[in-house]
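Protein chains: 2
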Amino acid sequence: MRIGEIAKAADVTTSRIRFYERRGIISPAARGDNGYRDYPSDLINRLKFIELAQQLGFTLREIATVQSGDNDHPVSCEEAIELLTVKLLSVEELIAEAKQRKQKIEAQIEKLKKTQSA
Amino acid sequence: MRIGEIAKAADVTTSRIRFYERRGIISPAARGDNGYRDYPSDLINRLKFIELAQQLGFTLREIATVQSGDNDHPVSCEEAIELLTVKLLSVEELIAEAKQRKQKIEAQIEKLKKTQSA
DNA sequence: GTAGACCTTAAACATAGGTTTAAGGTCAAG
DNA sequence: CTTGACCTTAAACCTATGTTTAAGGTCTAC
Chain P
1234 MRIGEIAKAA DVTTSRIRFY ERRGIISPAA RGDNGYRDYP SDLINRLKFI
1284 ELAQQLGFTL REIATVQSGD NDHPVSCEEA IELLTVKLLS VEELIAEAKQ
1334 RKQKIEAQIE KLKKTQSA
Chain Y
1234 MRIGEIAKAA DVTTSRIRFY ERRGIISPAA RGDNGYRDYP SDLINRLKFI
1284 ELAQQLGFTL REIATVQSGD NDHPVSCEEA IELLTVKLLS VEELIAEAKQ
1334 RKQKIEAQIE KLKKTQSA
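Those sequence lines, one after another, are chains P and Y.
Quick note: the first sequence uses the numbering used here, first residue 1234, plus one each step.
Quick note: the second sequence uses the numbering used here, first residue 1234, plus one each step.
This is the structure in structure tokens:
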């Protein structure tokens, strides 16, 4: 898919997609003969995920660790497993942080509800 | 209380307190004859509240609008609970998506391990 | 009366996360 | 073969959230 299609589908700007690519938050696009970027449709979900995570106060740096380097050149099986395992740990870390965030918010809500009924 | 005392008590920098004052996130301090700021000890809790809200993913702009009420109850309880509930839903959504991502990665690892042993 | 720890301001700097602009290349339709 | 909607890059610009710096005033203790 061309950058414009992806942008429309994920409801982000094209400049933002290029910016993410520059920063390594998404992997570099393949290029056609004309030099146009050619993205997998997969990227749409990634972009939506990034949006959501940002709204929750996660930085792009934090998000990047979870998102980097998916469609690299085929490496050896062992290497691939190692890479995926690292990525798995990152995702687990993100989930853990998000859960902490959730608990803090829940605690705050509970506190307020008590204040309210008091 | 002088700005340094407040800063120490709330564990923030003095520059940050002055910054918040400039931006109207906290109300302007009274001034002594020497021109020094004189803050109510109350501000300590506000500063801690701001810190917490930021950690929950609220921007200073959001915090400022919510804090414009009185000092003891900086936020209308109902309003705060509503805002927090919205945040909570977003966090839960993020966790769900991250879990899906995790499962995909795990599946990928399993697949590779099978390929390896085959 | 001077040293040191406070306080004041304005303005510059920093970092993250983008957007906008300028100058141009590509491609399908009329 | 030109028009319009796409795409490219590099660099300038913008907002949020502060920190740092420069140049100074105040107050307490020795």
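Built from N, CA and C at the ideal position, the CB exists for glycine as well.
Since this is a predicted model, take the numbers as computed values, not measurements.
Spatial distance of K1320 of chain P from T1298 of chain P (CA atoms): 7 angstroms
Cβ neighbour criterion (16 or more within 10 Å) applied to L1322 of chain P: exposed
C-beta neighbour in chain P for A1279 of chain Y, strict 8 angstroms: Per the sequence shown, the amino acid found at residue 1279 of chain Y is Arg instead of Ala. Residue-level contact check: R1279 of chain Y does not touch chain P, since none of the beta carbons of chain P fall below 8 angstroms from its beta carbon.
Assigned exposure category for Y1269 of chain Y - 16 Cβ within 10 Å defines buried: exposed
Partner residues on chain P for L1289 of chain Y, Cβ-Cβ distance less than 9 angstroms: L1289, G1290, R1334, K1337, I1338, Q1341
Near-chain Y residues of the region 1242-1270 of chain P - C-beta to any C-beta below 7 angstroms: So the list is empty, because no residue satisfies the distance condition.
Terminal residues of the alpha helix (DSSP H) in which Y1253 of chain Y lies: 1247-1255
Stretch-stretch touch, CB-based, cutoff 8 angstroms, three pairs: the region 1326-1345 of chain P with the region 1244-1257 of chain Y: no
DSSP bridge partner residues for D1271 of chain Y (one or two, in chain order): BP columns for D1271 of chain Y point to Y:A1263.
Test: K1347 of chain Y CB closer than 8 angstroms to a CB of chain P: no
Test item: CB-CB of L1327 of chain Y and L1293 of chain P under 8 angstroms: No; because the gap between Cβ atoms is not below 8 angstroms, this pair is not in contact.
CB contact check: T1298 of chain P to chain Y, cutoff 8 angstroms: no
Under 8 angstroms between C-beta atoms of R1279 of chain Y and I1259 of chain Y: One thing to note: R1279 of chain Y has its Cβ within 8 angstroms of the Cβ of I1259 of chain Y.
C-beta contact flag for I1296 of chain Y and I1283 of chain Y at 8 angstroms: yes
Rounded C-alpha distance that separates D1305 of chain P from T1318 of chain Y: For D1305 of chain P, the pLDDT reaches just 40, beneath the cut-off of 50, and the residue's location in the model is therefore unreliable, although a value from the coordinates is still provided. Distance between the alpha carbons of D1305 of chain P and T1318 of chain Y: 40 angstroms.
8 angstroms Cβ cutoff, I1236 of chain P in contact with chain Y: no
Listed by chain order, chain P residues near L1293 of chain Y by CB distance under 7 angstroms: Here the premise fails: no neighbours, minimum Cβ distance about 12 angstroms.
Amino acids of chain Y, ordered along the chain, whose beta-carbon sits closer than 8 angstroms to that of I1239 of chain P: The contacting residues do not exist; I1239 of chain P stays about 18 angstroms from chain Y at best.
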